[in-house]
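What follows is a set of notes on a single structure, which appears directly below.
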Amino acid sequence: MKVYITEQCITLRSVESMTSYSALQPPFPTMQQIATAPVPGAFPMPQPGMPQPGMPQPGMPQPGMPQPGMPQPGMIQPVIPMVPQGGWSPSNTTCPPGLEYLIVLDHLFIQQKVELFEAFTGWESKNKYVALNIRGETVFYIAEESGCCARLCLGSSRSCEFHLFDVNRREVLRMVRPYRCNSCCCPCCLEELEVYSGNTLLGSVSQNWTLWRPSFSIRDASGETVLIIKGPWFRFCVETLFKVKSADGIHRVGEIKKEWSGMSREFFTDSDNFSISFPLDLDVKIKAVLLGACLLMDFMYFESSGKRN
1 MKVYITEQCI TLRSVESMTS YSALQPPFPT MQQIATAPVP GAFPMPQPGM
51 PQPGMPQPGM PQPGMPQPGM PQPGMIQPVI PMVPQGGWSP SNTTCPPGLE
101 YLIVLDHLFI QQKVELFEAF TGWESKNKYV ALNIRGETVF YIAEESGCCA
151 RLCLGSSRSC EFHLFDVNRR EVLRMVRPYR CNSCCCPCCL EELEVYSGNT
201 LLGSVSQNWT LWRPSFSIRD ASGETVLIIK GPWFRFCVET LFKVKSADGI
251 HRVGEIKKEW SGMSREFFTD SDNFSISFPL DLDVKIKAVL LGACLLMDFM
301 YFESSGKRN
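Reminder that position 190 of the sequence shown reads as 190 in the working numbering, one-by-one numbering, no gaps.
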């Protein structure tokens with residue numbers, strides 16, 4: 001019995017010593033996962049000549065880099081002047097009220113009404129005109145405003161105003177012609193006519209001093225010459241042609257022609273007919289100034305009391 005107890009003690013002591021020994025031993029290291037080769041196609045290989053995402057490409061604009069042909073801050077850019085097309089200034093999109101119909105027109109016909117009282121008595125009366133389109137439809141009515149004494153004493157050299165009305169009898173233009181001496185010997189007092197829309201100046205017609213051939217300048221609101229008008233050397237023909245040219249005198253862009261009105265009207269009245277042609281894309285304000293130039297030429301060259309006498 002004693003021996004058995006001793007063996008049990010020895011056995012228990014051996015177990016205790018084994019437990020303490022295993023506790024003193026360091027733990028075995030864990031096995032790490034071994035990396036394997038990637039699946040084919042998981043990482044595409046860059047191909048030569050093909051654009052790669054995220055990589056700068058030659059010839060493509062890069063953020064923050066100056067681009068050729070683009071304005072750079074602090075650098076002076078050259079001003080490229082606009083070259084007029086066809087010899088006249090580019091069309092202006094600003095249209096005065098009431099002149100919208102002129103935008104789609106390139107021809108106008110002006111007919112002066114016959115005044116019976118003037119035809120029989122020879123007393124100068126106020127002139128009245130009608131502006132027609134190419135189909136013969138009335139576009140504008142034009143009426144002269146002047147004094148009785150000015151018409152009787154000054155004749156065709158009188159100062160006057162022209163009021164242009166649309167088909168609804170609404171005034172859309174006002175043309176002012178001051179008194180001028182119609183003579184080639186007075187270069188300091190040449191003819192002039194200004195065209196207004198309300199109180200806004202649209203342009204003017206100014207006579208150029210010449211000895212023989214009539215010449216006029218069509219100016220815009222700033223006073224810059226836009227077109228010039230050259231008349232014929234002689235005005236004894238049945239029809240009289242005034243050529244409308246560019247400001248440099250090279251391109252012919254239109255004309256103002258005095259039409260034959262018939263035997264009775266030509267010899268017994270001062271009622272005349274005119275036709276005006278101009279570019280379709282011409283500024284509508286310059287078209288209105290050309291209409292005023294036609295009226296001015298009528299007073300200067302064809303409004304004579306000699307025909308009535």
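Just so it is clear, CB atoms sit at the ideal spot from N, CA and C, and this is done for glycine as well.
Rounded distance between the beta-carbons of P96 and S197, thought under 8 Å: Your pair S197 and P96 checks out as a contact, with CB atoms roughly 4 Å apart and the cut at 8 Å.
Collapsed DSSP secondary structure at A247 in the structure displayed: In this structure, DSSP gives A247 a state outside helix and strand, which the three-state scheme calls coil.
Backbone CA spacing between I229 and V244 [nearest angstrom]: Each residue's Cα considered, the two are about 5 Å apart.
Residues bridged to R376 (per DSSP): Any property of residue 376 remains undetermined from this structure, which presents the chain solely from 1 to 309.
Cβ neighbour criterion (16 or more within 10 Å) applied to P178: That one is exposed.
Collapsed DSSP secondary structure at Y301 in the structure displayed: It is helical.
Distance, H163 Cα to V321 Cα: The question about residue 321 has no answer here: the residues shown for the chain are numbered 1 through 309.
Proximity to M297 [Cα-Cα], best of S261, L280, T240, K285: M297 has its Cα closest to that of T240, out of S261, L280, T240, K285.
L164: first and last residue of the uninterrupted beta strand (DSSP E) it sits in: For L164, the uninterrupted beta strand (DSSP E) segment begins and ends at 160 to 165.
Segments assigned beta strand (DSSP E), at least 3 residues, entirely inside the stretch 175 to 216: Listed in chain order, they are 192 to 197, 200 to 207.
Length of the line joining the Cα atoms of L280 and I103: Cα-Cα distance, rounded: 7 Å.
Alpha-carbon spacing of S277 relative to L105, whole angstroms: If you take the alpha carbons of S277 and L105, they lie about 9 Å apart.
Beta-carbon gap between L201 and A221 smaller than 8 Å: It is a contact, given that the beta carbons lie within the stated cut-off.
For W212 and W233, believed in contact at Cβ under 8 Å, the rounded distance: Distance from W233 to W212 at the Cβ level is roughly 6 Å; contact confirmed, criterion being Cβ atoms closer than 8 Å.
CB contact check: N273 to chain D, cutoff 8 Å: Here there is only one protein chain, and chain D is not present.
Cβ pair V139, S271 closer than 8 Å: Not a contact, by the Cβ cut-off of 8 Å.
Where I286 sits in the DSSP three-state scheme: Three-state result, I286: helix.
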